[in-house]
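So the protein sequences, as listed, match chains A and B.
Under numbering that gives the first Met the number 0, the residue at position 689 of the first sequence is numbered 688, and the numbers go up by one with no gaps.
Under numbering that gives the first Met the number 0, the residue at position 54 of the second sequence is numbered 53, and the numbers go up by one with no gaps.
Positions of the beta carbon are idealized from the N, C-alpha and C atoms, including for glycine.
The structure presented is a predicted model; accordingly, all values stated were derived computationally and were not measured.
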Amino acid sequence: MTDSLNRRNFLKLVGLSGVASTVGCGTPPSRKLISLVMPSEEIVPGEAIWYATTCRECLSGCGMRVRTREGRVTKVEGNPEHPISQGGLCIRGQASLQGLYNPDRIQSPFRRNANGTIEPLGWAEAESQLADRLSALENTADRNKIVFLSGHNGDTLDRLIRQWMTALHSEHYLIYEPFSLVTIKEANRIAFGRAEVPDYSIAEADYLLSFGADFLETWLSPVGFSRGFAAIRNYREDRRGKIVQVEPRLSLTGANADEWVSLQPGTEMWIALAMARYIVTEGLSVELPPAEIRRLGILLEPYSSNRASSVTQVPEETIERLATEFAGASAGLAIGGGVAVTGDNATATQVAINLLNHVTGRVGQTIRFDRSFQVPDTAGLSALRGLVDSINRGEVEVLFIHHTNPIFNLPPDLGFSAALQKVPLVVSFSSFSDETTDLAHLVLPDHTPLEQWGDFRPAAGVHSLMQPAMNPVFDTRSTGDVLLELAKQMGGDVAEAFQVQTFQDYLKDAWKQTYGEVAGEDFENFWQESLLRGGIWPSRSSGMESQSVDRRARVGLLPQIFDFPFPPAPTKGPAEFFLHAYPSSRYYDGRGANKPWLHEIPDPITNVVWDSWVEVHPETARQLNVVEGDLLHVESAVGHVEAPVYIYEGVRPDTVAIPIGLGHESYGRYAKDRGSNPSVLLPVAADPLSGTQVWSGSKVKISKTGRRSELVRTDGSRTDLDRGFSRIIPLSALTATAVPSEEVHHQEPEHESLSMYPPHDHKDYRWGMAINLSSCTGCGACVAACYAENNVPVVGKELIARGRHMAWIRIERYMENVSATPDIRFSPMMCQQCDNAPCEPVCPVYATMHSSDGLNVQVYNRCVGTRYCSNNCPYKVRTFNWFDYQFPEPLHLQLNPDVSVRSKGIMEKCTFCIQRIREGKDHAKDEGRLVRDGEVVPACAQSCPTQAIVFGNLLDPNSTVSKLADQQHGYRVLEELNTKPAITYLPRIKRI
Amino acid sequence: MSRSQIIYVLAILATGSLIVIGIFAASRKPQDLSQPIEFSHRIHAGDNQIACLYCHTGAIRSTAAGVPPVATCYECHRLVKLKSPEIMKVLKYWETKQPISWVRIHALPNHVYFSHKRHVLGGIACQSCHGDVQLVDRVSQQAPLTMGWCLQCHEQRGAPRECETCHK
């Protein structure tokens with residue numbers, strides 16, 4: 000054999016082996032057809048079943064509808080009938096699916112032995128061991144050494160725990176929530192004698208002054224408030240409301256405000272007081288009794304604009320202008336909250352805001368004590384310090400921990416972790432192993448909220464229900480059921496305290512007691528209807544609203560308020576920076592960190608994925624000589640963290656900001672050892688009036704480490720380089736007849752007639768969208784909804800860094816101007832479903848085609864992966880599967896069976912949720928009609944808390960989308976390319 | 000041996016082993032079509048004229064036709080042919096409340112959207128795709144269920160032939 004292996008022979012061999020290796024390959028469809036045993040009216044294979052329930056990702060209690068297919072949950076959506084969320088759902092609510100199917104869930108009960116080994120237990124064994132242990136505590140004094148520490152629970156579970164603890168003769172039931180609203184309650188008690196959190200009618204306000212309240216992200220009820228925000232921001236009766244955000248770091252909420260008042264952290268109180276003083280002394284207040292005016296004058300005397308200006312570093316004129324504007328607004332509203340207002344003067348700041356609202360007559364107008372939020376009395380840092388002390392004194396024998404992770408959120412110096420290790424028995428009900436659960440001796444994993452019964456009262460008169468939408472994914476058990484079982488096994492008076500076997504019965508009994516009268520004879524019917532609806536609340540058309548017209552509800556200032564001791568201003572050393580640790584709209588207090596979608600969807604402001612960072616002002620960065628990605632050492636008196644720099648004009652030069660939520664040492668594969676946790680920098684400090692944890696106001700020193708840690712961002716540039724992707728027009732343009740060309744964009748004359756191809760015919764439908772940029776807040780709920788609906792894979796940080804992000808819809812963020820009048824624009828960008836689509840003619844295999852409905856459809860199994868289409872797409876909305884992406888078990892159970900899971904080598908993009916269009920057409924065909932307007936709602940539009948996205952048929956002149964798309968100021972992105980997109984953007988309206 | 004000869008030999012060995020694997024994979028037993036119960040469509044749909052939709056209720060209201068719940072079998076077989084060994088199997092499933100795991104004969108790839116409802120409501124006889132099941136005891140796949148085969152009928156009947164009609 001003299002000849003060498005030439006190319007020809009080599010190819011022959013390779014070809015042959017290729018054939019051989021493909022024989023018998025390919026995944027066949029499932030070869031099993033499994034019958035039901037009993038027929039069910041409900042279950043029709045192939046059809047979705049929806050259950051109404053309540054979201055429990057934060058304290059808002061939004062109503063949710065859960066879609067199930069063949070017994071598994073595949074999607075959650077906002078419940079349109081629910082009064083809190085009104086159909087929207089936030090990014091964290093959407094991601095609750097990944098809590099349910101989290102691959103790192105605790106799958107069955109276990110015991111952690113003294114040497115740290117884990118011993119799996121059966122439920123029967125675990126429960127009987129625990130019951131014996133509890134029974135061994137015989138006398139009342141010993142029983143009082145049982146402590147139950149929990150996050151905020153739904154009403155009936157809360158009641159069960161209280162009753163259970165009482166039956167056990169223990170008084171120690173504590174509720175810990177890192178972001179407490181108790182300061183608002185306490186301030187209302189001090190000022191008005193009403194220890195409540197009133198309803199804030201943001202939708203009715205025309206001037207919203209927010210002291211740090213991130214009401215579009217985490218504060219109180221973000222989804223409901225987002226709807227109110229849209230009402231302010233949109234044009235109504237020739238006007239548009241104004242939003243002023245007062246905070247040291249421009250949050251996402253601030254980025255959506257008309258004005259940003261940047262002030263020294265922790266001095267919000269001074270602005271509120273100086274404004275109140277100016278309003279009272281200048282006679283701008285509403286009519287108040289002369290004695291009250293006089294006494295207010297004395298109380299507010301020290302807070303002149305001048306003094307407030309020197310404390311807050313906000314110009315005197317600004318304070319006085321704001322005061323004049325606020326007092327002059329027909330429906331002003333001042334709110335305070337968020338971490339900016341969690342210093343050691345938190346309650347005093349809220350009292351100051353109350354005074355401001357009072358003197359302008361807002362209490363009873365936009366502040367409604369007649370319909371308050373239901374906020375629990377949470378144990379603040381003081382109470383937890385008390386718990387640590389009692390543990391150290393040996394007064395805690397058994398500690399139950401339920402849905403809270405104090406070790407992650409509390410300042411380490413409190414010693415909670417060390418104390419926990421001294422408790423003889425720690426029992427955790429956590430669904431996930433986290434920092435706190437890792438120290439528990441016995442773990443009895445609870446169901447996740449989508450698997451269990453429960454209820455929740457977000458606000459007065461609104462009582463939401465939770466029901467299991469599927470069988471438990473793992474061998475878990477509802478904590479309510481566990482407590483009832485323990486009571487039964489303990490016997491005696493503990494068992495006698497409970498008449499029921501299951502928590503479901505307990506819940507139903509509780510409802511019977513509360514609503515027996517309303518329900519009348521047929522409680523079962525009432526119960527079923529409530530389950531279908533998702534709970535009980537006054538319907539918008541019923542008379543329940545008008546009965547409580549007395550909005551003022553006799554809320555006046557208490558006389559003691561005139562002696563209220565407002566604390567002095569905070570101080571800071573010269574080489575120090577204020578630390579602003581803020582809750583992330585994705586991770587909340589850290590509980591979102593185990594959900595891959597929340598990592599993969601970029602932060603709305605920084606567009607960073609899978610990481611945390613420290614925000615530094617450009618000036619500070621220059622002084623430190625650091626650039627983005629340089630690791631910064633941040634050190635406080637009690638601890639230190641390292642995090643990469645992100646340079647942001649929206650943080651004050653004297654402040655550094657770090658998002659809360661990452662830096663877990665446990666909590667599963669997605670959270671562990673990722674980012675840094677700013678809690679370790681916090682001192683053990685509490686607001687003296689409310690006892691709540693102090694998050695803001697600590698001082699840190701920062702230094703360059705010389706090392707780097709690249710941040711991965713999804714934005715190509717910070718601004719839109721005048722391309723006019725995301726536009727703003729002044730209000731005057733809407734009222735005037737002609738549109739003034741206030742902004743000049745890269746625009747060429749239209750060439751309507753010029754096209755190489757004949758126009759497309761559309762028979763019944765041309766699907767289109769209108770996106771109202773006045774309403775879009777950039778929150779990212781639509782992106783999460785799209786991931787869930789369309790089986791979009793998560794690729795991770797490394798691949799995103801290489802431009803392989805798979806999102807079908809992204810929120811483009813353009814920081815045009817970060818100043819006192821911020822111009823930060825957000826616009827959702829997805830496939831524009833062009834009528835002259837540049838992707839179509841370049842595909843060599845006709846994998847991307849134009850449908851008669853005007854959609855650019857992508858035929859996956861025809862695609863050969865040339866990526867020509869993506870290269871020719873001016874919007875860069877096509878994504879390519881470089882790999883076969885994994886959905887680690889049991890995350891794969893979430894996959895939507897109506898959408899193909901794409902494999903390696905396939906191009907994909909937004910389809911306008913074609914599976915939903917198909918379903919809508921199917922229903923319409925059954926009834927022999929066309930699809931009605933609003934019948935088909937894509938996942939993004941459904942989830943949008945502000946209803947910024949409207950979808951429909953452009954051929955129907957009466958459809959909502961047609962009317963919006965025909966608006967004079969609407970525009971299409973890169974219209975000059977003659978792509979004829981099906982998406983019309985309505986520019987953000989600038990308030991002038 | 001020269002370097003290229005070594006490569007040649009190695010390549011042949013590698014190819015040979017792949018062929019062996021391939022043949023082994025290809026020679027796996029053809030799919031066993033025997034069902035857990037020797038259910039006869041001929042007796043039910045043929046001799047006794049039971050309508051297809053009586054058992055496959057999903058065919059007229061869902062994308063999936065579905066297999067009947069055990070309760071549907073039991074409805075009749077609590078009275079009919081109780082002594083038959085196959086029926087005794089059914090009764091055992093019913094008594095133990097276990098589902099029956101049938102072997103699927105007609106399967107479409109995962110990327111295909113196919114709605115039984117649309118076809119049944121459109122007047123397509125079940126037999127057009129499933130063959131004359133009422134004449135046979137054991138059902139087997141009669142139609143190729145390929146895209147060309149689907150399109151042929153769509154073309155004849157003027158049904159939609161757009162990509163997104165069937166591809167999901």
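Cβ closer than 8 Å: which chain B residues qualify as neighbours of residue i?
{"i": "Leu32 (chain A)", "result": "Val66, Ser100, Trp101, Val102, Arg103"}
Count the other CB atoms within 10 Å of the CB of residue i; is the residue buried (16 or more) or exposed (fewer)?
{"i": "Ser740 (chain A)", "result": "Its pLDDT being 47, under 50, Ser740 (chain A) is placed unreliably by the model, and the measurement read from it follows with that caveat. Exposed, since its Cβ has fewer than 16 Cβ neighbours within 10 Å."}
{"i": "His968 (chain A)", "result": "exposed"}
{"i": "Asn524 (chain A)", "result": "exposed"}
{"i": "Tyr206 (chain A)", "result": "buried"}
{"i": "Ile646 (chain A)", "result": "buried"}
{"i": "Glu709 (chain A)", "result": "exposed"}
{"i": "Gly515 (chain A)", "result": "exposed"}
{"i": "Met37 (chain A)", "result": "exposed"}
{"i": "Asp719 (chain A)", "result": "buried"}
{"i": "Pro986 (chain A)", "result": "buried"}
{"i": "Pro573 (chain A)", "result": "exposed"}
{"i": "Phe325 (chain A)", "result": "buried"}
{"i": "Asn624 (chain A)", "result": "exposed"}
{"i": "His891 (chain A)", "result": "exposed"}
{"i": "Trp148 (chain B)", "result": "exposed"}
{"i": "Ile352 (chain A)", "result": "buried"}
Can you round the beta-carbon distance between residue i and residue j to whole angstroms, since I take them to be within the 8 Å contact cut?
{"i": "Gln451 (chain A)", "j": "Ser477 (chain A)", "result": "5 Å"}
{"i": "Ala642 (chain A)", "j": "Val633 (chain A)", "result": "7 Å"}
{"i": "Arg861 (chain A)", "j": "Asn880 (chain A)", "result": "Not quite, the Cβ-Cβ distance comes to about 14 Å (not below 8 Å), so this is no contact."}
{"i": "Leu464 (chain A)", "j": "Val358 (chain A)", "result": "That pair is no contact at about 41 Å."}
{"i": "Ile201 (chain A)", "j": "Phe224 (chain A)", "result": "5 Å"}
Using a C-beta to C-beta distance shorter than 9 Å, which residues of chain A count as neighbours of residue i?
{"i": "Val89 (chain B)", "result": "Residues of chain A passing the Cβ test: none, with the nearest at roughly 11 Å."}
{"i": "Ser114 (chain B)", "result": "Gly45, Arg917, Asp921"}
Can you check DSSP and say which residues form a bridge with residue i?
{"i": "Pro937 (chain A)", "result": "According to DSSP, which records beta bridges pairwise, Pro937 (chain A) is partnered with nothing at all."}
{"i": "Phe431 (chain A)", "result": "A:Arg104"}
{"i": "Ser100 (chain B)", "result": "A:Ile33"}
{"i": "Phe210 (chain A)", "result": "A:Val245, A:Gly335"}
{"i": "Ser695 (chain A)", "result": "A:His579"}
{"i": "Glu286 (chain A)", "result": "Paired residue(s): none; Glu286 (chain A) is not in a bridge."}
{"i": "Pro658 (chain A)", "result": "A:Tyr581"}
{"i": "Gln857 (chain A)", "result": "A:Thr847"}
Could you name the residues of chain B that residue i contacts, counting a contact when the two beta carbons are closer than 9 Å?
{"i": "Glu46 (chain A)", "result": "Gly57, Arg60, Ser61, Thr62, Ala63"}
{"i": "Ser851 (chain A)", "result": "Pro159, Glu161"}
{"i": "Pro792 (chain A)", "result": "Within 9 Å Cβ-Cβ: nothing; Pro792 (chain A) doesn't reach chain B, min ~16 Å."}
{"i": "Leu854 (chain A)", "result": "Glu163"}
By the criterion of Cβ-Cβ separation under 7 Å, what are the contact partners of residue i in chain A?
{"i": "Lys167 (chain B)", "result": "Asp897, Val898, Ser899, Gln914"}
{"i": "Thr71 (chain B)", "result": "Pro38"}
Given that residue i touches chain B, what residues does it touch there, using C-beta distances under 7 Å?
{"i": "Leu35 (chain A)", "result": "Pro68, Pro98"}
{"i": "Arg848 (chain A)", "result": "In the sequence on display, residue 848 (chain A) carries Met and not Arg. The contacting residues are Cys162."}
Listing by chain order, which chain A residues have their CB less than 8 Å from the CB of residue i?
{"i": "Leu117 (chain B)", "result": "The question names Leu, but residue 117 (chain B) in the sequence shown is Arg. Asp921, Lys924, listed in chain order."}
Using a beta-carbon distance below 8 Å, is residue i in contact with chain C?
{"i": "His110 (chain B)", "result": "No chain C is part of this structure, whose protein chains are labelled A and B."}
Taking 8 Å as the cut-off, does the region 421-441 of chain A touch the region 391-404 of chain A (at least 3 CB pairs, one atom from each stretch)?
yes
Determine, using beta-carbon pairs with one atom in the region 243-253 of chain A and one in the region 973-980 of chain A, whether at least three such pairs fall under 8 Å.
no
Touching by the beta-carbon criterion (3+ pairs, under 8 Å), the region 114-128 of chain B and the region 921-932 of chain A:
yes
Could you tell me whether the region 326-340 of chain A touches the region 139-157 of chain A, where touching means 3 or more Cβ pairs closer than 8 Å?
no
Is it a yes or a no for the region 553-562 of chain A touching the region 97-109 of chain A, going by three-plus beta-carbon pairs under 8 Å?
no
Report yes or no: do the region 561-581 of chain A and the region 695-703 of chain A share at least 3 C-beta pairs separated by less than 8 Å?
yes
With a cut-off of 8 Å, do at least 3 Cβ pairs link the region 955-973 of chain A to the region 764-775 of chain A?
yes
Is the region 799-813 of chain A touching the region 594-603 of chain A in the sense that three or more CB pairs, one from each, lie closer than 8 Å?
yes
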